[in-house]
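Chemist:
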Amino acid sequence: MLSTLPLFILNGLFYAATLFLIASGLTIIFSVAGILNLAHGAIFMLGAYLATLTMLTGDIRLIIITFIIVPFIIGLIGLGIERGLIKWVYDRESEYQLLLTYGLSLVLADLVRMMFGPQPISASFLLRESGVIDILGVTYPVYNLIVIVVALFVGLLLWLFLDRTRLGWIVRACSFDREMSSALGVNVGLIYAFTFFLGSALGGLAGALIVPSTVAMLGMDVNALIESFIVIVIGGLGSIRGAFIGSIIVGLVRSFGIYFFPRYELAFIYIIMAVVLLIRPRGLFGREYRRV
Amino acid sequence: MILRVEDLAKYFGEVRAVDHITFGIDSGTITSIVGPNGAGKTTLINLISGALKPDSGDIYYNNINIKGMPPYKISKLGIGRSFQIPHIYLNLTTLDNVLVSLYSIKGLTRSMVRDSYSFKDELSRAEAILNMFGLLEKKDMYVYELPHGDRKLLDIAMAFALNPKLVLLDEPTSGVSSREKRRVMKIVDDAIREQGVTALIVEHDMDIVFSYSDKIIVMHQGKIIAEGVPDEIKGDKTVESVLLGGET
Amino acid sequence: MAETRRDFLKVTGAGIVGLAVGAAAGYYLAPPKIVEKPVPQKPPEVPKEPLKIGVITILSGPGALLFDPGLKALQMEVEKINANGGILGRKIELSIKDSGGKPENSVDFFRRLVEEEGVEFVISGSTSAEAIALAPVAEQKKQVLIIEEGTVAKLFEEVDTNPKYVFRINNYDILDSTSLAIAMKKIWPDVKKFAVIGADYAWGHDTWDILKGAIEKLYPDMEVVAETWPPLFSQDFSSHISTVIAAKPDVVALVLWGGDLVTCIKQGVQYGLFKDIKGISPTGGEYVWAAGTDTPDNLLMSTRYYFTYPPWDKWWPNREFNLEFHNRYPDSHGGWPGFNCNSSYYAIHFLKAAIERAYAIYGGWPTQEQVTEALEGLMIPGPGGYRYIRPEDHQSLGYAITGLTKQDPRYGFAILDPIEAVPPEEMAPPPGVKWKDWIKHWGEEYL
Amino acid sequence: MHILRSIPKEYYIPISLGLLFLFLISFPLIASRYLIFLLSLALIYAIWALGYNFLFGYTGLLSFGHAAYLGVGAYTVGLLIARVGIKSFEILFLAAVLTSLGISALIGYLCVKYTEVYFALLTLAFGEFFYALAFKLYDITGGSDGVSVPYPYLFGYLMDTKLLYYVVAVLFVILLYFAWKVVNSPFGKTLQAIREDPVKAEFVGIHVKRYQWYSFILSGVYSGIAGALYAPLFAHIYPDLFHWTTSGEVLFVTLIGGHRMFLGPVLGAIIYAFLRSYITAYTIYWPFVLGLSVAVIALIFPNGIIGSAYSFIKERYFSKTVVSK
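As they're listed, the protein sequences go chains A, B, C and D. Just so we're aligned, residue 982 is where the first sequence starts under this note's numbering, counting upward by one. Just so we're aligned, residue 5 is where the second sequence starts under this note's numbering, counting upward by one. Just so we're aligned, residue 22 is where the third sequence starts under this note's numbering, counting upward by one. Just so we're aligned, residue -7 is where the fourth sequence starts under this note's numbering, counting upward by one.
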């Protein structure tokens, strides 16, 4: 175990990386617009499928652009969903917002099936081309490291954006108090739209990043949704930092859990959630949850 | 003495919301607590009613130490309370709002099969209370349809439905227009006298305080700085400066 | 008369316990139930209207990858049959339902198809859970049900031990593993330490149990050094792979399918899993098509039918089936028919042959019972060779295919080459014997 | 109208229940076997949703793990038939009630300590725990393949689809009537008070957590009964019954009807069961159509179909003010 210890840590971080990207999108939308977007998993899946389009070409320039284009397109889709549908339900009971996004998730997932068919799509050009390195005598794919670094970088950018820019400050203000912000002359509707753009783009980026090392397949939305949801609960609803730490915890526990308790992998994430909630009922970095 | 508070303290971190205070309330009186914002008045009410657990000290109600008891037990002992912002059941009718208190105090809340309006005693009692608070005509209205003044009254009426010996009223007239204030306070005062209830009132409006109270307690920064009948307090210079300083 | 009397008693019973007076009324007023169809004096004419056949399969969700090509093959065959005049002159109409893999949907559809839409036969290409849910309903409704997949051994061993109306076309779980074990013994006779990455659900555990049982017979001193059980439809196998590598086995069994297998192989290659460790995978043969050029050579896989076997030059039905499928659906599933397509072919052709056979015997459009009789022991040619339905347990068996993967630029993916096809008789227990008893005495001749 | 007015108000409920009962009992006369099956399913969903709404609509607690108690009921019945060999539905039914009672009491006790989304998540975690159990205890539960459940017997009579339908219909009417009694009893009012303002409820002497717990148990038992009927209807049980997607279904069923209305979950269940069955049967793109329908319902019926219809009628014809929140 000792010699492969770094490997398991890296595996855990790799898992955490995509989970963090999905979860941060979910949590931003939740904290600002107050919507638990059940369609977020489908958004992530859509990102993965769209990315296969360019990745299958094997053109390296095109593939690198993918990581900008796909999040942008997915962001626009998120924006469209917000402006077209979700805009109308902000003042409804939150359960009906759930119902709407649940319907949307079915629709989006089925659109993917209509467009891409039922076969899993494997586009591993990047994974292959980025090669492997040797870590303490064990082979490790470079692409996994890239994913970890990108997620860290995106996390840093998010933090800088929310903490150091005016727009980020306004976004955070909206998440604290909607009425106050609108009283201060902030166009809250616009901020919500932007939030959906940003959150969906993060989900799309996660999809594009994960595709080379896995396959785009139907059903990947369901697991992604529930796992990222649990991550943001562990971290504390509405907290990017919480999503960050939460995904690392889930990633590492899963990675080592597979080694020590391989038969119970199914239950890991729920056990983590139950333990965290029993110790810290509001999650690790949660503030008081309010119904907006 | 129906209520005795001894050396009661509650800190929120560095803030000493209630700082080792001691006082008593005689049965059948109306006692008002005044003081600037943040003096610890509401915290005191919360401590007595069980919403908060004190850090130290004791609260004796009819010689029972109720310190640390959960609110539902304290209310069953006969201490009712109202809130600064009315806590009422918005999507129930006015009548139901009061009835729930009655079921609770009569131990009927476990009754699952009988229709809630088939308990004639409780029904007539609820209507009597609503009548007392001038809400009888609105008994079948949903509460979200009520104006603010009525909501305040209903909030208090729900406490009175518990058949309490002691009521803790947290700013019964706050948010009510100045014209309405007198009406609301008159109704509350009548109810207190009629039911023979002891009352502890947190109030800002000094006119109301001076005209209805038997005794006034002045709090400042968690401490009691003066205590006495209205006439004594009126002349007190330190009280005046505190109250004026706090109010602005 | 006995039936109506029983109904009446039923009513009284219900009434006595006071559950429902109304229930009594409902029962009493209900038209008398026709329980047994009257034996016709002369065989019924062949009806003029089209022959409706219900198809319950999985077209949404991750399971669709297997059944979508199967449905395409079925539609292709039906078109061909219709172009040649249908079955006894009746054109076939398919009523297709997508269960999404949920047994409750399947049962709902089955009832709807039979009771509402009046289909005469039902073909089900679905999961094991669905097969287990459907079989008793079909038996109870006395309705022919042809199961294409649902390959769980339990179906005829425990759930439907004496099948009358239920038939299963495809090779089932036992053959996937036993044939794989034998092929492994031939190629790698000296391996000892085994590890498994298995999908954590019934099929994964069943298949590993069978495979382990077979391996224990062929390699008496085998040991299992690592087991990992990722949930179905995982996206990341890196920790499982690392766990397996750390345990240093000789062979790793990938008991996965679909996208899971592709992902696991892709990531395995990157982690150097197959550098020192040999890979085997029951049923993996065609799933690796989706991995394209990522599949390494020399992974040993089994499958239930492989498009290159029997060789096209020696067995024209296979060539014809493959070329036609490929021309029609070049984008589906690597462009070649998989084992579910093969089952679809047999399902519809078995039905056709059975109806025609029963017609020849009884001289009219056959009843459900006559079709079941005709299906029992029926043998027809098809893409995968001759296939036979065992009359005892209604299981049809075909060649169990094993082979080593080998990248082939003609296809753009790894094919199995060379192929070893094992006759099914040695690979599965005889009718009425449970595999757990059977495997105790199996395989001695191979040692 | 004249006759209607001459009926005293207190007879409205018995009369409408009686009419409903007569309709359900005579339904097999006019409907095909398949529709009977489908209505059985819809009524089972209705029982489940009715129970769910005690907790969700009346107590204000959103559970995301209510599939657990449906599953417990179904697995109790299924496993007792298939593994133990008990065939008598009376015993099976009683066993399902007891197990769902016990398990919902245990889990409810742990969960009501939490509120809002954390309550929802804890229930989700427990639901998934049962899912994992059903999945993992392979030798007993058959894992993901599930267990085939032979028909039980009711007082010695084989409980086939038709007899099952009558049992479902009778139980439905009884449970509907009981639910109506409960929500209009002091207990029901207490739950509603807790939903509206748990803080206040505590200060009028209500032990809020305890009543939330009672509500949890009550809804758990209703779910268990639904499960006990579900198992023989499909003659099969499998772990997805416990899965959170199934829990989501009962929430959405309730919302479609409208959780503020007593009959909301019932009609939601019937609408959903029929909608789903017909959509899935007529298009292979049913997730798309179903999702679209659900989204449209969420958009144009802010209080669910029944809730919104009720508000609309009330606003239009009866009152100056609207029921809304």
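Every residue, glycine too, gets a C-beta built ideally from N, C-alpha and C. Note that the coordinates shown come from a computational prediction; the quantities given were computed from them, not determined experimentally.
Could you please give me the residues that DSSP links to H228/D through a beta bridge?
Modeler: The residue labelled residue 228/D in the question sits at position 236 within the fourth sequence. Answer is S140/D, bridged to H228/D.
Chemist: Check whether the Cβ of A97/D lies closer than 8 Å to any Cβ atom in chain B.
Modeler: Locating residue 97/D in the fourth sequence gives position 105, counting from the first residue. Answer no: the Cβ-Cβ gap between A97/D and chain B never drops below 8 Å.
Chemist: Rounded to whole angstroms, how far is the Cβ of C362/C from the Cβ of A104/C, which I believe are closer than 8 Å?
Modeler: The residue given as residue 362/C occupies position 341 in the third sequence. The residue given as residue 104/C occupies position 83 in the third sequence. Contact doesn't hold; Cβ gap of about 19 Å is too wide.
Chemist: Going by the CB atoms, is the gap between Y1121/A and L994/A shorter than 8 Å?
Modeler: On the first sequence, position 13 is the one that residue 994/A refers to. On the first sequence, position 140 is the one that residue 1121/A refers to. Result no, Cβ atoms of L994/A and Y1121/A do not sit closer than 8 Å.
Chemist: Just mark S181/B as buried or exposed, buried being the case when its beta carbon has 16 or more other beta carbons within 10 Å.
Modeler: Here residue 181/B corresponds to residue number 177 of the second sequence, with the count starting at 1. Under this definition S181/B is an exposed residue.
Chemist: If distances are taken between C-alpha atoms only, which option among T78/C, D221/C and F215/C comes closest to L155/C?
Modeler: Within the third sequence, the letter at position 134 stands for residue 155/C. Of the candidates T78/C, D221/C and F215/C, the one whose C-alpha sits nearest the C-alpha of L155/C is T78/C.
Chemist: Is it the case that the Cβ atoms of T324/C and F346/C are separated by a distance below 8 Å?
Modeler: Working through the third sequence from its first residue, we reach residue 324/C at position 303. Working through the third sequence from its first residue, we reach residue 346/C at position 325. Not a contact, by the Cβ cut-off of 8 Å.
Chemist: Assuming contact is defined by CB atoms lying nearer than 8 Å, are S215/D and S92/D in contact in what I supplied?
Modeler: For the purposes of this step, residue 215/D is taken as the residue at position 223 of the fourth sequence. For the purposes of this step, residue 92/D is taken as the residue at position 100 of the fourth sequence. Closer than 8 Å, so yes.
Chemist: Quick check on the DSSP output: the alpha helix (DSSP H) that includes P402/C runs from which residue to which?
Modeler: By 1-based counting over the third sequence, the position of residue 402/C is 381. Here P402/C belongs to no alpha helix (DSSP H); instead the beta strand (DSSP E) covers M400 to G403.
Chemist: Taking L12/B as the reference, give the member of P234/B, M5/B, P40/B and I49/B with the closest Cα.
Modeler: For the purposes of this step, residue 12/B is taken as residue 8 along the second sequence, with counting starting at 1. Answer by Cα proximity: I49/B.
Chemist: Taking the beta strand (DSSP E) that M1254/A belongs to, which residues open and close that run?
Modeler: To locate residue 1254/A, count along the first sequence from 1; it is residue 273. It is not in any beta strand (DSSP E) - M1254/A instead sits in the alpha helix (DSSP H) that spans E1246 to I1260.
Chemist: Using a beta-carbon distance below 8 Å, is Y1251/A in contact with chain D?
Modeler: If you number the first sequence from 1, residue 1251/A lands on position 270. At least one chain D Cβ lies under 8 Å of Y1251/A.
Chemist: Could you spell out where the alpha helix (DSSP H) holding P439/C opens and where it closes?
Modeler: Along the third sequence, read from residue 1 onward, the residue named residue 439/C stands at position 418. It is not in any alpha helix (DSSP H) - P439/C instead sits in the beta strand (DSSP E) that spans F434 to V443.
Chemist: Can you find a C-beta in chain D that's less than 8 Å from the C-beta of E137/C?
Modeler: Residue numbering aside, residue 137/C sits at position 116 when the third sequence is read from its first letter. Output row for E137/C: interface = yes.
Chemist: Could you tell me whether the Cβ of P83/C comes closer than 8 Å to any Cβ of chain A?
Modeler: Taking the first residue of the third sequence as position 1, residue 83/C is located at position 62. Closer than 8 Å to some Cβ of chain A, the Cβ of P83/C qualifies, so yes.
Chemist: Can you list the residues of chain C that D1158/A reaches, using a CB-CB cut of under 7 Å?
Modeler: Within the first sequence, the letter at position 177 stands for residue 1158/A. Simply none; closest approach about 38 Å.
Chemist: In whole angstroms, what separates the C-alpha of Y186/C from that of I153/C?
Modeler: What you label residue 186/C is simply residue 165 of the third sequence in a count that begins at 1. What you label residue 153/C is simply residue 132 of the third sequence in a count that begins at 1. Taking the straight line joining both Cα atoms gives about 14 Å.
Chemist: When the Cα of E207/B is compared with those of V22/B, A21/B, G226/B and T35/B, which residue comes out closest?
Modeler: Along the second sequence, one-based indexing puts residue 207/B at 203. When only C-alpha atoms are compared, the closest one is T35/B.
Chemist: Give me whichever residues DSSP pairs with L170/B in a beta bridge.
Modeler: Your numbering for residue 170/B matches position 166 in the second sequence. According to DSSP, which records beta bridges pairwise, L170/B is partnered with I83/B and T202/B.
Chemist: Measure from the C-beta of A45/C to each C-beta in chain A and report whether the shortest distance is under 8 Å.
Modeler: Translated into the one-based positions of the third sequence, residue 45/C becomes position 24. Any reading at A45/C must be qualified, since the residue scores a pLDDT of 41, below 50, and its modelled position is unreliable; the value itself is stated next. Closer than 8 Å: no.
Chemist: My parser needs the alpha helix (DSSP H) runs of 4 or more residues fully inside the segment 1133 to 1215 of chain A; what are they?
Modeler: Listed in chain order, the complete alpha helix (DSSP H) runs (minimum 4 residues) inside the segment 1133 to 1215 of chain A are 1147 to 1157, 1159 to 1164 and 1169 to 1191.
Chemist: Under DSSP, the beta strand (DSSP E) around T26/B begins and ends at which residues?
Modeler: Start at 1 with the first residue of the second sequence, and residue 26/B comes out as number 22. It spans V19 to I29 - the beta strand (DSSP E) in which T26/B sits, taken as one unbroken run.
Chemist: Mind checking which residues open and close the beta strand (DSSP E) that includes V245/C?
Modeler: Position 224 of the third sequence holds residue 245/C. V245/C -> beta strand (DSSP E) spans E244 to T249.
Chemist: Go ahead and label D458/C buried or exposed: buried means 16 or more other beta carbons lie within 10 angstroms of its beta carbon, across all protein chains shown.
Modeler: If you number the third sequence from 1, residue 458/C lands on position 437. When all chains shown are included, D458/C counts as exposed.
Chemist: At a Cβ threshold of 8 Å, is A154/C touching chain D?
Modeler: Residue mapping note: residue 154/C aligns to position 133 of the third sequence, counting from 1. Chain D contact via Cβ: present.
Chemist: What does F195/D touch in chain B if you count any residue whose Cβ is under 7 Å from its own?
Modeler: Position 203 of the fourth sequence holds residue 195/D. Here the neighbours are S53, P75, S79 and R85.
Chemist: Does any C-beta atom of chain A lie closer than 8 Å to the C-beta of L255/D?
Modeler: The residue labelled residue 255/D in the question sits at position 263 within the fourth sequence. Chain A, which has no Cβ nearer than 8 Å to the Cβ of L255/D, makes this no.
Chemist: On the criterion of 16 or more Cβ atoms from any shown chain inside 10 Å, does D159/B qualify as buried, or is it exposed?
Modeler: Indexing the second sequence from 1 puts residue 159/B at position 155. With 16 or more Cβ atoms within 10 Å of its Cβ, D159/B is classed as buried.
Chemist: Determine the direct distance from the alpha carbon of V141/D to that of K143/B, and round the result to whole angstroms.
Modeler: Counting from 1 along the second sequence, the entry for residue 143/B is found at position 139. Counting from 1 along the fourth sequence, the entry for residue 141/D is found at position 149. Distance between the alpha carbons of K143/B and V141/D: 54 Å.
Chemist: Looking at chain D, is there any beta carbon in it that lies within less than 8 Å of the beta carbon of H226/C?
Modeler: For the purposes of this step, residue 226/C is taken as the residue at position 205 of the third sequence. Chain D, which has a Cβ nearer than 8 Å to the Cβ of H226/C, makes this yes.
Chemist: Less than 8 Å between the C-beta atoms of P445/C and L418/C, yes or no?
Modeler: Position 424 of the third sequence, counted from the start, is the residue given in the question as residue 445/C. Position 397 of the third sequence, counted from the start, is the residue given in the question as residue 418/C. Result yes, Cβ atoms of P445/C and L418/C sit closer than 8 Å.
Chemist: If S1086/A and L1019/A are in contact, beta carbons under 8 Å, what's the gap, nearest whole angstrom?
Modeler: For the purposes of this step, residue 1086/A is taken as the residue at position 105 of the first sequence. For the purposes of this step, residue 1019/A is taken as the residue at position 38 of the first sequence. Indeed they touch by this definition, with Cβ atoms about 5 Å apart.
Chemist: Please say whether D119/C and I276/D have beta carbons closer to each other than 8 Å?
Modeler: Residue mapping note: residue 276/D aligns to position 284 of the fourth sequence, counting from 1. Residue mapping note: residue 119/C aligns to position 98 of the third sequence, counting from 1. Cβ atoms of I276/D and D119/C: closer than 8 Å.
Chemist: Over the uninterrupted beta strand (DSSP E) stretch that includes V165/D, give me the two end residues.
Modeler: In the fourth sequence, residue 165/D corresponds to position 173, counting from 1. Counting along the chain, V165/D falls outside any beta strand (DSSP E), though it belongs to the alpha helix (DSSP H) covering T153 to V175.
Chemist: Throw me the rounded Cβ distance for the W386/C and V67/C pair, which I believe falls under 8 Å.
Modeler: Counting from 1 along the third sequence, the entry for residue 386/C is found at position 365. Counting from 1 along the third sequence, the entry for residue 67/C is found at position 46. Confirmed, Cβ separation roughly 5 Å.
Chemist: Helix, strand or coil, according to DSSP, for Y48/C in the structure here?
Modeler: Taking the first residue of the third sequence as position 1, residue 48/C is located at position 27. Annotation note: pLDDT 45 at Y48/C (below 50); position unreliable, no value reported.
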